[in-house]
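With my numbering applied, the sequence shown has no gaps in its numbers, which climb one by one up to 633 at the end. By construction, the Cβ of each residue, glycine as well, lies at the ideal position given by its N, Cα and C atoms. Have a look at the structure below, then the notes.
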Amino acid sequence: MSADFSAPNLSDIEIKALLAGIDRMESAFVIYDKNYRLIWANTTSHDAWPDLYGGLQAGLPQREAIHNEIVAQMPDLSGAVLKEAVDYAANAFQCSQPQDLSARGGRIFQTFHQPLGDVGIVAIGVDVTELKSNQHKLRKLVKENYALAYQDELTGLFNRRKFISEIEQLIADRADCETPFALGLLDLDGFKLVNDVYGHPVGDSLLIEVAERLKGVLGETVKLARLGGDEFGLILDDISSSETIRQVGADICASIAEPFGLGNDLISVSTSVGFATFPKAGIDRAILFKRADFAMYHAKQHGKGKAIAFSSEHEATIHRRALLELQIKEADFDAEVYPVFQPIFNSRKQIIVGVEALARWQNAVLGNVSPDEFIPAAEQSGQIARLTPVMLRKALAIAKDWPIPIFLTFNLSALEVTSADYAHQLLAIIENSGFTPDRVVFEITETAMIRDTETVAEVLSLLQRHGIRIALDDFGTGFSSLSMLSQMPLDYLKIDRSFLDGIEQKRAVSAVFKSICDLSRHLGITSIVEGVETEAQMLNAHVSGIDLMQGYLLGRPMPADQITEFIVQNNKSPSSLPAHPQKLGMVGG
Ligand code: C2E
Ligand code: CA
Ligand code: CA
Numbered sequence: 045m046s047a048d049f050s051a052p053n054l055s056d057i058e059i060k061a062l063l064a065g066i067d068r069m070e071s072a073f074v075i076y077d078k079n080y081r082l083i084w085a086n087t088t089s090h091d092a093w094p095d096l097y098g099g100l101q102a103g104l105p106q107r108e109a110i111h112n113e114i115v116a117q118m119p120d121l122s123g124a125v126l127k128e129a130v131d132y133a134a135n136a137f138q139c140s141q142p143q144d145l146s147a148r149g150g151r152i153f154q155t156f157h158q159p160l161g162d163v164g165i166v167a168i169g170v171d172v173t174e175l176k177s178n179q180h181k182l183r184k185l186v187k188e189n190y191a192l193a194y195q196d197e198l199t200g201l202f203n204r205r206k207f208i209s210e211i212e213q214l215i216a217d218r219a220d221c222e223t224p225f226a227l228g229l230l231d232l233d234g235f236k237l238v239n240d241v242y243g244h245p246v247g248d249s250l251l252i253e254v255a256e257r258l259k260g261v262l263g264e265t266v267k268l269a270r271l272g273g274d275e276f277g278l279i280l281d282d283i284s285s286s287e288t289i290r291q292v293g294a295d296i297c298a299s300i301a302e303p304f305g306l307g308n309d310l311i312s313v314s315t316s317v318g319f320a321t322f323p324k325a326g327i328d329r330a331i332l333f334k335r336a337d338f339a340m341y342h343a344k345q346h347g348k349g350k351a352i353a354f355s356s357e358h359e360a361t362i363h364r365r366a367l368l369e370l371q372i373k374e375a376d377f378d379a380e381v382y383p384v385f386q387p388i389f390n391s392r393k394q395i396i397v398g399v400e401a402l403a404r405w406q407n408a409v410l411g412n413v414s415p416d417e418f419i420p421a422a423e424q425s426g427q428i429a430r431l432t433p434v435m436l437r438k439a440l441a442i443a444k445d446w447p448i449p450i451f452l453t454f455n456l457s458a459l460e461v462t463s464a465d466y467a468h469q470l471l472a473i474i475e476n477s478g479f480t481p482d483r484v485v486f487e488i489t490e491t492a493m494i495r496d497t498e499t500v501a502e503v504l505s506l507l508q509r510h511g512i513r514i515a516l517d518d519f520g521t522g523f524s525s526l527s528m529l530s531q532m533p534l535d536y537l538k539i540d541r542s543f544l545d546g547i548e549q550k551r552a553v554s555a556v557f558k559s560i561c562d563l564s565r566h567l568g569i570t571s572i573v574e575g576v577e578t579e580a581q582m583l584n585a586h587v588s589g590i591d592l593m594q595g596y597l598l599g600r601p602m603p604a605d606q607i608t609e610f611i612v613q614n615n616k617s618p619s620s621l622p623a624h625p626q627k628l629g630m631v632g633g
């Protein structure tokens, strides 16, 4: 600074007027002699630092006056910290650079000291309290905006947007060096149930706890996000081998499998983790996500609580699935799909009481495709609504010629019992077939019931009013609760064949099977046991009080031209059935 401070020739009056003006300023204004002895300080200065200027005016040494002012402002300071504060302020007195000094009433002044040659020193302090507070607010706002934009509100983890941008950044960074990293996706098995049973606040607490556990397993450096709902994502960097990924996945599953203590409840969930590795499984963000997702669903299907990394086998499955969906879309179902029929027995009376129609697909490109493969593909590609009417028409056309009035059971997919319009479409097909509706049983699964319980119950009731009966297929494998079961108008429960697995060897299995049978009896619904392959299994069904059964032991699914003959022959001479338990000297319960 090079202002000219040579004293102008002012009269006393002029000087007084000048000082009177300065005294009214909102800024602090102080004049010292060249040894920092106070000559004059305006009112603002006295108000801002009363002990300092009071002390200087009374002739206290500068350091002592500063000390007093600081003690008055911050009575909690003592020892080294107090000394440091006094040093800072004393230093600011010598400094021509702007310094922030705190004053009374929480105010802040930006001060600087300007030597005026031999005349002395003038100090000016501008009140920047509001400016500082605005800056503070602005910083807070920026921080909040950052949180909104990048953070998951509930768990404090990254949100989906931030997670995606992190991955894109990593992919861009690795474009040349190809150092691998793994994208992991996981969600909670059974989370929906927790929300339904315990309520959303408990569900939220569970998510927070899960986030904490994930942080515990992965450490603070691993990028972790909540992607929405109960879905989480993570990025594993510096992965030396696929073993590292497998181990981390296993650790995550083990940690989440430990019960959560929430309020007074102990809640158990599990998780399945899917990984996709850059660049092997993909060099594009969308593909990595798709493949990690695929690996996760694969993990779920192969027993929950697992971690699976995307592999070349999955690649093949995806290709197969894509091909399948393509062929399904283009398929001429009238020409390619046909039903086979599996008999359902009353094994006590040794007669066939019904027949289940099962779909078969013979495709020019793919050959014979199993329904376990093409039904899910047809469901997912929306083609099931085109397939079912064709199948139903064909099954009815065959069944109407059976010489004995047994029932025909027919499988519907979950989505097919959610619309009354669609139900009317099926009813029209039955009406036009010449087969009476009261001999038709529709089989639905538990998946159908949990989707939209109320609507499904209405649609099923509508079908029942037209004489159709309803069976719950694969009973015991789904998630339906007892209360849900009691809301559904069901005529039959088909007990899933998994309950018969190993029943000959293990007493415990047999006990589970028995209790499932008891349950269906208590619900007052007739049961059919599926998948009876051995006489021991048949015996178990009998001892558990169930007569209706179906399985390879009694008859495999067979083509239309064989089933008619099979029904006629069997029901004419029921002894063709495998020996009834009573004949074996066992008494059914
Ligand atoms: P599902 O409804 O549970 O049908 C029973 C399946 O178990 C049939 O397989 C049948 O062949 C098989 N099975 C019968 N007895 C035994 C046995 O003793 N042991 C063993 N291991 N298996 C036995 P399939 O025909 O391959 O059908 C598989 C699934 O595909 C069916 O399971 C059903 O969920 C679905 N499905 C079949 N046809 C249709 C259809 O027309 N529409 C719909 N929506 N789904 C269908
Ligand atoms: Ca079935
Ligand atoms: Ca079944």
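Is residue i near ligand 1, judged by its Cβ being under 6 Å from some heavy atom?
{"i": "Asp416", "result": "yes"}
{"i": "Met593", "result": "no"}
{"i": "Pro601", "result": "yes"}
{"i": "Leu367", "result": "no"}
{"i": "Glu577", "result": "yes"}
{"i": "Tyr190", "result": "no"}
{"i": "Ala492", "result": "no"}
{"i": "Ala403", "result": "yes"}
{"i": "Met582", "result": "no"}
{"i": "Met8", "result": "Nothing about residue 8 can be reported from this structure: the residues present for the chain run from 45 to 633 only."}
{"i": "Ile419", "result": "yes"}
{"i": "Tyr466", "result": "no"}
Relative to the C-alpha of residue i, which candidate in the options has its C-alpha closest?
{"i": "Gly520", "options": "Glu212, Ser564, Ser177", "result": "Ser564"}
{"i": "Glu369", "options": "Val413, Leu100, Glu475", "result": "Val413"}
{"i": "Leu634", "options": "Ile289, Gly272, Gly273", "result": "A question about residue 634 goes unanswered here, because the residues of the chain that appear run from 45 up to 633."}
{"i": "Leu198", "options": "Asp220, Asn189, Ile168, Leu250", "result": "Leu250"}
{"i": "Asn38", "options": "Arg509, Glu188, Tyr242", "result": "A query on residue 38 cannot be resolved here, the shown segment of the chain reaching from 45 to 633 and no further."}
{"i": "Gly247", "options": "Gly568, Ser505, Phe304, Ala147", "result": "Phe304"}
{"i": "Ile283", "options": "Val484, Val266, Phe207", "result": "Val266"}
{"i": "Gly426", "options": "Thr453, Arg404, Gln371", "result": "Gln371"}
{"i": "Leu452", "options": "Asp416, Asp591, Ile396", "result": "Ile396"}
Note down the Cα distance separating residue i from residue j, rounded to an integer number of angstroms.
{"i": "Phe637", "j": "Thr491", "result": "The requested residue 637 does not occur in the structure, where the chain is confined to residues 45 to 633."}
{"i": "Asp162", "j": "Phe156", "result": "18 Å"}
{"i": "His586", "j": "Phe225", "result": "56 Å"}
{"i": "Phe479", "j": "Met532", "result": "25 Å"}
{"i": "Gly411", "j": "Leu367", "result": "12 Å"}
{"i": "Leu436", "j": "His363", "result": "30 Å"}
{"i": "Ser617", "j": "Pro447", "result": "15 Å"}
{"i": "Glu58", "j": "Glu128", "result": "42 Å"}
{"i": "Val292", "j": "Glu256", "result": "16 Å"}
{"i": "Val384", "j": "Glu577", "result": "19 Å"}
{"i": "Leu628", "j": "Lys393", "result": "Legend: pLDDT at Leu628 = 38, less than 50; position of this residue unreliable, value from coordinates given subsequently. Their Cα atoms are separated by approximately 15 Å."}
With a threshold of 6 Å (Cβ to nearest heavy atom), would residue i be considered close to ligand 2?
{"i": "Asp517", "result": "yes"}
{"i": "Glu487", "result": "yes"}
{"i": "Asn407", "result": "no"}
{"i": "Asn203", "result": "no"}
{"i": "Asn455", "result": "yes"}
Between residue i and the rest of its own chain, which residues show a CB-CB distance below 8 Å, the 5 nearest in sequence each way excluded?
{"i": "Met340", "result": "Leu229, Leu230, Asp231, Ser316, Val317, Gly318, Ile352"}
{"i": "Lys324", "result": "Pro224"}
{"i": "Ala64", "result": "none"}
{"i": "Arg107", "result": "Val130, Ala134"}
So, are the CB atoms of residue i and residue j less than 7 Å apart?
{"i": "Leu534", "j": "Ile514", "result": "yes"}
{"i": "Gly511", "j": "Asp482", "result": "yes"}
{"i": "Ser391", "j": "Met593", "result": "yes"}
{"i": "Val172", "j": "Ser71", "result": "no"}
{"i": "Leu470", "j": "Ala336", "result": "no"}
What does a CB cutoff of less than 6 Å around residue i pick up in its chain, not counting 5 residues either side in sequence?
{"i": "Asp196", "result": "Asn203, Arg270"}
{"i": "Gln143", "result": "Ala136, Thr155"}
{"i": "Asp95", "result": "Asn112, Glu113, Ala116"}
{"i": "Ala124", "result": "none"}
{"i": "Gln626", "result": "At Gln626 the pLDDT is 43, less than 50, meaning the model places this residue with poor confidence; the figure from the coordinates comes in the next sentence. Hits under 6 Å: none found."}
Excluding the 5 residues preceding and the 5 following residue i in the sequence, name in chain order all residues of the same chain whose CB lies nearer than 7 Å to its CB.
{"i": "Ala85", "result": "Val74, Tyr97"}
{"i": "Ala441", "result": "Ser477"}
{"i": "Thr489", "result": "Ala458, Asp517, Asp518, Gly522"}
{"i": "Ser286", "result": "Ala353"}
{"i": "Tyr596", "result": "Glu577"}
Tell me whether residue i, by its Cβ, gets closer than 6 Å to a heavy atom of ligand 3.
{"i": "Glu574", "result": "yes"}
{"i": "Lys538", "result": "yes"}
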